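4 protein chains.
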Amino acid sequence: MAKQIAIIGASGYTGAELIRLIATHPGMEIAALAANSKAGQSMAQVYPHLRHLGLPDLVTVDQIDFGQIDLAFCALPHKTSQEVIRDLPKTLKIVDLSADFRLRDADEYEKWYGNPHSAIKMQAEAVYGLTEFYRDDITAARLVAGTGCNAATGQFTIRPLIEAGVIDLDEIILDMKCAVSGAGRSLKENLLHAELSEGYNAYAVGGTHRHLGEFDQEFSKLAGRPVQVQFTPHLLPVNRGILCTSYVKGGAQAIQKAYEMAYADEPFISVLPFGETPSTHHVRGSNFVHIGVAGDRIPGRAIVVTALDNLCKGSSGQAIQNANLMLGLPETEGLMGVPLFP
Amino acid sequence: MAKQIAIIGASGYTGAELIRLIATHPGMEIAALAANSKAGQSMAQVYPHLRHLGLPDLVTVDQIDFGQIDLAFCALPHKTSQEVIRDLPKTLKIVDLSADFRLRDADEYEKWYGNPHSAIKMQAEAVYGLTEFYRDDITAARLVAGTGCNAATGQFTIRPLIEAGVIDLDEIILDMKCAVSGAGRSLKENLLHAELSEGYNAYAVGGTHRHLGEFDQEFSKLAGRPVQVQFTPHLLPVNRGILCTSYVKGGAQAIQKAYEMAYADEPFISVLPFGETPSTHHVRGSNFVHIGVAGDRIPGRAIVVTALDNLCKGSSGQAIQNANLMLGLPETEGLMGVPLFP
Amino acid sequence: MAKQIAIIGASGYTGAELIRLIATHPGMEIAALAANSKAGQSMAQVYPHLRHLGLPDLVTVDQIDFGQIDLAFCALPHKTSQEVIRDLPKTLKIVDLSADFRLRDADEYEKWYGNPHSAIKMQAEAVYGLTEFYRDDITAARLVAGTGCNAATGQFTIRPLIEAGVIDLDEIILDMKCAVSGAGRSLKENLLHAELSEGYNAYAVGGTHRHLGEFDQEFSKLAGRPVQVQFTPHLLPVNRGILCTSYVKGGAQAIQKAYEMAYADEPFISVLPFGETPSTHHVRGSNFVHIGVAGDRIPGRAIVVTALDNLCKGSSGQAIQNANLMLGLPETEGLMGVPLFP
Amino acid sequence: MAKQIAIIGASGYTGAELIRLIATHPGMEIAALAANSKAGQSMAQVYPHLRHLGLPDLVTVDQIDFGQIDLAFCALPHKTSQEVIRDLPKTLKIVDLSADFRLRDADEYEKWYGNPHSAIKMQAEAVYGLTEFYRDDITAARLVAGTGCNAATGQFTIRPLIEAGVIDLDEIILDMKCAVSGAGRSLKENLLHAELSEGYNAYAVGGTHRHLGEFDQEFSKLAGRPVQVQFTPHLLPVNRGILCTSYVKGGAQAIQKAYEMAYADEPFISVLPFGETPSTHHVRGSNFVHIGVAGDRIPGRAIVVTALDNLCKGSSGQAIQNANLMLGLPETEGLMGVPLFP
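Residue numbers (the working numbering), protein chains in the order written: chain A, 1 to 342; chain B, 1 to 342; chain C, 1 to 342; chain D, 1 to 342.
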């Protein structure tokens, strides 16, 4: 029998993406959808593209009978997420898509997110949800913290290079370009079509973006010493996709080899032939990652370009992949949908 | 065992869309991909978003062993299509996506397409591929002619109204807006991003678009008397989607009822609540159709808005749906993917 | 000396467009900019693209010394506009860009806008601002009411045909497609990039859009009997531009001739060669209008396609054109900027 | 009397942009337009947005009477440009927009462009057209070589920092994002709307883009020693605009000061308040440049973001600015048009 799934925070983009993926997932079934501010509405009202699915109407979190639920996805904003998860049954399996359980260190959390953590004990229990690198921990976890979408992209790029010891750890630059859906379904002036379409800009320049907290934690842990990267996010006038252009110091061929070894058996990660680089177009709407390496004309320097879909592999697809592991389902189940092009 | 499928003309957008859909279709398997001009190339070169699928390389049509093939999709340009299909084994099941076998009347074909038909005898054998209205014929057919994408959209709108006798047959206007992928992967100045993005225009104004041939044939046959519609296509600065705004004379409630009856059991067609109208966003990347009706303030007039994805339901999705019938597979198999939004 | 100009409501898109046009207008100078909600801010903060202009900071309306002002543009939302204009000096020349003084009949105003008019006496004084058809009245006016952008587009299309008596007045359909900037800089979910880009939809279907009030008033007055049109607005995923596809019954050649006569001396309106139709791309960022006519294959029916820039000719450009007349400046001054393409 | 202008290569995007700017330039008048492949056509056919200007029809180059011409803009592809310019009268003032006269060293030219230079003697005469840095030379020049659009953007960013000696010359990274119009009106698959819109990718990764020839020449000359930068171009899914995110090593405040000093009197270049960074939206359709600086959290590193319009300041606007100097006209004449937003 299919696993019974609840989605808390079903009215945002990551919630809708979860529903999209689960709708054709043979091992999961949506049992409850919560969105406190829109409780009582049908999903056809909130997301007409889900009209044909016969989904349950939206309810409030406390209307869900969690006794019938095998796993809950929590797709709420950070801070709200910790407050809701804190009060859920302690035996319920949870994949959280917010930032609330990503950082091990409470001070780091407060530094990047501006508020003290209200469920600090649960952080100890949470497993960081970058599937390809925490597979065993995730399989055994009760609470998994999904990564930031930029953070996932940067880590797919840099982790194998740290592990292989092929780059200078003090000279890492991640020039990141993220689609507007990364900012969620929020009413902000800079997210309006008229403000965004036909334009392009950087933001959070100079090392202020919150996903740096994840980079610092993960890269330093992996390297066994403090690692700080430079990271500049940009807002792309497209709806889905992240492209990360990384500048590193190291041999390009050694870097290529490090990726080929690290990702040889990964079903979702393609390392392109040396010298080719990817487009966000080629992973849109899918759980796939494309990574390409080129050597610079300046010896000892390389450029790595990484593309994934921020809503899918960068968020909801990753969440399903982790849930598959936690529920004993095949890891790729429900996630082999082909990118949509054009 | 999965049915063995060949795709002839695999390097165009409808070819790529067929591959996308078949890749997750449990009852079909791609056995051969032909594209004469790109024979020898891998699909990863031609369409990097298909890189992970382990597809066969492109070959020429005559390199395919059709003895091993259960069904061939032919996604070639019109005129080329009839020449290729003419020479295929006479027992091979074929779904043609071109315009070549849509028109029953050879003179009509020549009038709209400008060249005499070179496989005129096969036209008699071909079944018109508008699944919802030719289901039994398609199930029994050897050769099915996929409809034009605009033609499908207009027919989903108008056929139930002709059948129900609820509109004036001499006063039908179809104001059609189609995404750029409808024009295929062709190198034309007006299809460049710089010429199309941020702009909008009509074309083939005044009754000159070829899909009128299909409208004339089908509506007249259905009505039992000549019916001519007005049809203005426009080029939308989006990649997928058709929206048809239809102006008809008749009672809006009777029109709503006609749709609800005609489509009550159709798995892919949603009739919206009266007064609501759809967006192309809500069907993008899927085989679904949304239809909405509103009455005008002028009594006796109604507006119907219909949305579908031109590449999927308007072309390759329809083709798979027909192939499912021809191969004895469940009609909806491989086609329940949820629209991609945002 | 250049005329001293105040702009009330300078923080919206039409306000910004007024500033853009006046900045290179030799006969006008910006003396004051008001925006109550953003008073105290610099224009560089509100609109960084105006950074280099050395503009006055935003103030509240009551901080403006109107004794120094030759003409004020009022670019506020309807209802607010009438309340502000009511209290301005009675000798001040004003071009209002809102809907508040467009409708002669107070009941019609209340019917379409939902609130009673609070400055009903001023309506009598106001002149309807469709320059090409009210030139003398505007020249002599103190208060000019700018038209709706859709209303302008529809009237450029239909007025010459009513005047020439070449179409059936009971069979007029305006299928209108308007860019997102027509909705202003407002925080609405459906105006977000992720909701709008790559999609397309109709809205206010069935004769409920407010600009119908203008069509009814103007067409009926011109025809000397009630005229009601069908009008369906659509939201285009572009930032600027309106395209109106009109379906009329009449001789296409007579229609072409009617336009050529009506617009022979108009500096901003181009009638295309018969059979050609325009794109919004070709008028973007300009005060120009392109109109093209084609006959349908059904005798006695014609299609007219009209394109203009909703923010410029449809709103702020029209306002400048009217202000030129009111201030005794050459009508085209400051408005001959060439469309931006691509 | 207005200077008489010829444009050779008037059918490309930079040709159209020259016409757009000259149309409202009080000191210039278009006397002749050449485009060999489209000779005989009207500009209304080639560019309908120029329809109202009453321009001369397109002719071949040899049909132009250069005795009547004060200055010619040459907007041809490289290689063709040198062959045409070689045969023009030796006294004619010329602004070339191609790459043909940018590189002083013939070997460098051949290395980056793949063909030997056929007018090698004229290269000695040519002045590099980066107005703000070669103003006096340009004023006295007969032949000015317009810069590459990426090359201009990178130089506006890096030159003041080299001059001020505030950065490490061996650690310069230019992550450049350019609009599709930078590739011209050319029929290439990757420039189609369906291939580009909604996607994003890098190209010429690893130090292979031709504009590196300009960077090498100019930065090395300025520094008095070889300087090589890293430069990765990306293709933005927008029609106009370049954004360059530069990573440099040096003090952020010193960098800010270097810009403020270098550009204090420049009419077209705005240095933003420290910590703010620009958007391409804010310079679109204009000759303005916005530059913003932020310090990284890693001490001694800074990020500079620079935005300009590739077709205007990056190409045709720069060309007009240079022509103004060469013709004794005010440098800013015809170039003060305000950016188009939204």
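Built from N, CA and C at the ideal position, the CB exists for glycine as well.
These numbers were taken from a predicted model, which means no experiment stands behind them.
- Rounded to the nearest angstrom, the Cβ distance from His282 of chain D to Ala307 of chain D is 7 Å, consistent with a contact under 8 Å.
- For Ile173 of chain C, DSSP records a beta bridge to C:Gln230 and C:Tyr247.
- Contact of Glu29 of chain A with chain B is not assigned, every C-beta pair being separated by 8 Å or more.
- DSSP assignment within the region 275 to 328 of chain B yields the following whole alpha helix (DSSP H) runs of 4 residues or more, N-terminal first: 317 to 326.
- Here Asn201 of chain D carries a strand assignment [DSSP, helix/strand/coil].
- DSSP places Met43 of chain A within a helical segment (H, G or I) once states are collapsed to three.
- Under the 8 Å criterion on CB atoms, Ala194 of chain D is classed as interfacial with respect to chain B.
- Between Gln123 of chain C and Ile69 of chain C, the C-beta gap is not smaller than 8 Å, which leaves the two residues out of contact.
- According to the DSSP secondary-structure assignment, Ala34 of chain C is paired through a beta bridge with C:Ile8 and C:Val59.
- In the structure shown, the three-state DSSP call for Leu130 of chain D is coil.
- Residue range Leu143 to Ala145 is occupied by the beta strand (DSSP E) that includes Leu143 of chain C.
- For Lys121 of chain A, no beta strand (DSSP E) run applies; the uninterrupted alpha helix (DSSP H) run containing it begins and ends at Ile120 to Glu125, by DSSP.
- Within chain B, the C-beta atoms nearer than 8 Å to that of Gly337 of chain A come from Thr24 and Gly337, in chain order.
- Secondary structure at Val238 of chain D: coil, using DSSP grouped into helix, strand and coil.
- Here Val271 of chain C carries a strand assignment [DSSP, helix/strand/coil].
- Annotation: Cβ neighbours of Tyr47 of chain A in chain B (cutoff 9 Å, chain order): His282 and Phe341.
- The shortest C-alpha to C-alpha distance from Ser316 of chain A to any of A:Gly12, A:Ala6 and A:Leu18 is the one to A:Leu18.
- By DSSP's assignment, Val95 of chain A forms a beta bridge with A:Phe73 and A:Val144.
- Take Gln230 of chain C, set aside five residues on each side of it, and the residues of its chain with a beta-carbon closer than 8 Å to its own are Ile172, Ile173, Leu174 and Gly207, in chain order.
- At least one CB of chain D lies nearer than 8 Å to the CB of Thr277 of chain A.
- Using beta-carbon distances, Asn239 of chain C counts as an interface residue toward chain A, with a partner under 8 Å.
- Taking all protein chains shown into account, Ser186 of chain A has fewer than 16 neighbouring C-beta atoms within 10 Å of its C-beta and is therefore exposed.
- Within the region 108 to 134 of chain B, not one residue has a Cβ closer than 9 Å to any Cβ of chain A.
- DSSP places Lys3 of chain B within a strand segment (E or B) once states are collapsed to three.
- Not a single CB atom of chain C sits nearer than 8 Å to the CB of Tyr247 of chain D.
- Counting the other CB atoms within 10 Å of its CB gives Arg284 of chain B a total of 16 or more, which places it among the buried residues.
- Residue C:Ala294 holds the alpha-carbon nearest to the alpha-carbon of Lys249 of chain C among C:Gly224, C:Ser220, C:Ala294 and C:His209.
- Excluding its 5 nearest sequence neighbours in each direction, Thr131 of chain C has C-beta neighbours in its own chain below 8 Å: Ile138, Gln318, Gln321, Asn322, Leu325 and Glu331, listed in chain order.
- No Cβ of chain B is located within less than 8 Å of the beta carbon of Glu189 of chain C.
- For the region 140 to 164 of chain B, the beta-carbon criterion of a distance under 7 Å to any beta-carbon of chain A is satisfied by none of its residues.
- One Cα belongs to Ala35 of chain B, the other to Glu125 of chain B, and the distance between them is close to 26 Å.
- Taking C-alpha positions only, His209 of chain A is separated from Gln228 of chain A by approximately 13 Å.
- Counting C-beta pairs closer than 8 Å gives fewer than three between the region 177 to 186 of chain C and the region 257 to 268 of chain B, which falls short of the contact rule.
- Assignment of Met28 of chain D by DSSP, reduced to helix, strand and coil, places it in the strand class.
- Per DSSP, the unbroken alpha helix (DSSP H) holding Met261 of chain D starts and ends at Ala252 to Ala262.
- Among the CB atoms of chain B, none fall inside 8 Å of the CB of Leu76 of chain A.
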